[in-house]
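Worksheet: the structure to be examined is printed underneath.
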Amino acid sequence: MTPNQFLELAASISVQVALLVLVTAGLSRLVNESGQCRLWAVCHAAILSLLAVALVFPHFRWFQPWSYLSSSRTAELVAVEAPLGRLLLLVWLIGCGASVAVFVFRNVQAARFLRTCQPIPGSERLLPDGAEAGSPSERDKSGQTQNRGAALTFWGRWPRAERSMDVMLLTSSRLAAPFCWQFHRPFIVIPEFIVKDDPEALHFVVRHEWEHLRTGHPLQLFLQRIVETLFWYHPMVWWASRQSDVAREFLCDDAAIESPKQISRYLRALLRIIEQGAGHRALVAALPFSRAGGTIARRARRLAAIAQDSPLRRWEVPERVAVAGLFLAAAFCFFVWIPVDVMASTRSHWSPWPKWSAHVLHDFGIQARDFEIYDRRVDLHELIEYGGTGTSTTIPDGPSISRSLVPTARFSD
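Per my numbering, residue 745 is the first one in the sequence shown, and the count goes up by one each step.
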């Protein structure tokens, strides 16, 4: 891939991602909370798919706006695009490296914190038979265990297929807000003040965090973090992440509340957790119960609207229809390419195959063009020697040039 081609790839994939996020935002207004979570998860998967397709397959060129430029102007643009493409690649790699380092650090930090947490007495695991946590002897030793068991009796009301997950309940005095975590094994970590003093809040918290685990939100969050790492520079990606976070919290709020009558008590429990967590930093690698103030305000307004029996949206479309529409939008976005590469040939509407995928096809005996079709307009011999005006034009780091192939300096062969 040449610097010019990388510049075109970066510009095009950024526009594709922005369009896909906008479509997802529009569709999410037409579905319920479960559908919103699904749409944002599909959106993040589609973003990664667009990047993979762009790196493996050729793309369609709708037009070539540079074909009307003079040779001297073309030479000047080539001389600008080559170093700009290298600089852009360097900056992107530095940003990705920093994002990966932060991601690894936060996960290591969360794993270390989990090792300092203590299992909740009498409820090391959520029992699949719906039994109360804690043995009779443990309940005799502490009335708090009985309160915790009462708060967890909701477990028996879940379908067996949904409560077969082996979840560890932990607590910590250093924790200000509950969160769930899942890598090899799912955990729900609850602050000590909730476990000891507030069985009703414990009831809400466990239901909320369990819904995160049941619906696969840790995996969705991991996918989201990958997209954020690769597109750390894209403001629409970060906006999509915030919308995805809010959609997950909306869904889990609904699961934590069994009836609208519980909303006021749920909000009081949420307010207390926020007050206790003031000044404390949450584990970014996990799924915390309470987030930034803006998100909390949106959750509170929505719950208040539910309590007043106000409609959240005028009408809804089936979730499958919205997901199908998002897939169609992703397919359309693949054909949105910004013609940045000045050296692109005007003799073909399709770009060359990337070198790595072309080599694989060649190994299987399949012919694939991995070079630009010769176009006299971008013949580098003439551009370098004459510059269209009879003067010499220097293009940085130009390699040996063939008249049938027109590459500039390559990142890799």
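By construction, the Cβ of each residue, glycine as well, lies at the ideal position given by its N, Cα and C atoms.
By the C-beta density criterion, residue 812 is exposed, having fewer than 16 other C-beta atoms within 10 angstroms. Looking at the DSSP output, residue 954 bridges to nothing. Residue 922 is positioned such that its CB atom lies closer than 7 Å to that of residue 953. Under the 10 Å beta carbon count, residue 749 is surrounded by 16 or more other beta carbons and is classified as buried. Taking 7 Å as the cut-off, the beta carbon of residue 934 is found closer than this to the beta carbon of residue 949.
Close CB contacts of residue 800 within its chain, under the 7 Å cut and outside five residues either way in sequence, are with 1098, 1101 (chain order). With respect to the C-alpha of residue 994, the residue from 972, 1042, 976 having the closest C-alpha is 1042.
In the DSSP annotation of this structure, the continuous segment of the alpha helix (DSSP H) that includes residue 980 starts and ends at 979-1000. Burial is judged here by how many other beta carbons sit within 10 angstroms of a residue's own beta carbon; residue 831 has fewer than 16 and is exposed.
Membership of residue 913 in the beta strand (DSSP E) is indicated by the continuous run 912-916.
Counting only runs of 4+ residues, the alpha helix (DSSP H) found wholly inside the stretch 1037-1121 occupies 1037-1051, 1063-1078, 1099-1107, in chain order. Residue 1074 and residue 766 do not touch by the CB rule: their CB atoms are close to 12 Å apart, not below 8 Å. Taking the CA atoms as reference points, residue 1071 sits about 13 Å from residue 761.
Of the residues 1084, 1105, 1066, the one whose Cα lies closest to the Cα of residue 786 is 1066. About 59 Å separates the beta carbon of residue 1089 from that of residue 1050, a gap too long to meet the 8 Å contact definition. Looking from the CA of residue 917, the closest CA among 986, 850, 940 belongs to 940. In the DSSP annotation of this structure, the continuous segment of the alpha helix (DSSP H) that includes residue 827 starts and ends at 815-860.
Residue 780 and residue 991 do touch by the CB rule: their CB atoms are close to 4 Å apart, below 8 Å. Taking the Cα positions, residue 804 is about 15 Å away from residue 1112.
Between residue 1080 and residue 759, the gap from beta carbon to beta carbon is short of 7 Å.
Taking a 10 Å sphere around the C-beta of residue 930, we find 16 or more other C-beta atoms and assign the residue as buried. DSSP places residue 773 in no alpha helix (DSSP H); its state is neither H nor E.
In this structure, the alpha-carbon of residue 1003 lies about 11 Å from that of residue 1009. Cβ-Cβ distances below 8 Å link residue 1069 to 767, 771 in the same chain, with the five nearest sequence neighbours on each side left out; the list follows chain order. For residue 863, DSSP records a beta bridge to 914. The beta-carbon distance between residue 1060 and residue 778, rounded to whole angstroms, is 11 Å. This is too long to meet the 8 Å contact definition. Counting the other Cβ atoms within 10 Å of the Cβ of residue 829 gives 16 or more, which makes it buried.
In this structure, DSSP gives residue 807 a state outside helix and strand, which the three-state scheme calls coil.
7 Å or more divides the Cβ of residue 838 from the Cβ of residue 798. By the criterion of a C-beta distance shorter than 6 Å, residue 967 is surrounded in its chain by 788, once the five residues flanking it on both sides are discounted. Cβ atoms of residue 1084 and residue 820 stay farther apart than 8 Å, at about 15 Å. Straight across, the Cα-Cα distance linking residue 964 with residue 958 is about 12 Å.
Around residue 926, the same chain offers 957, 962 as residues with beta carbons nearer than 7 Å, after the five sequence neighbours per side are excluded. Judged by DSSP in its simplified three-state form, residue 975 adopts coil rather than helix or strand. By the neighbour-count criterion, in which 16 or more other beta carbons inside 10 Å mark a residue as buried, residue 814 falls on the exposed side.
The beta carbon of residue 769 lies closer than 7 Å to those of 987 in the same chain, with the five residues before and after it left out.
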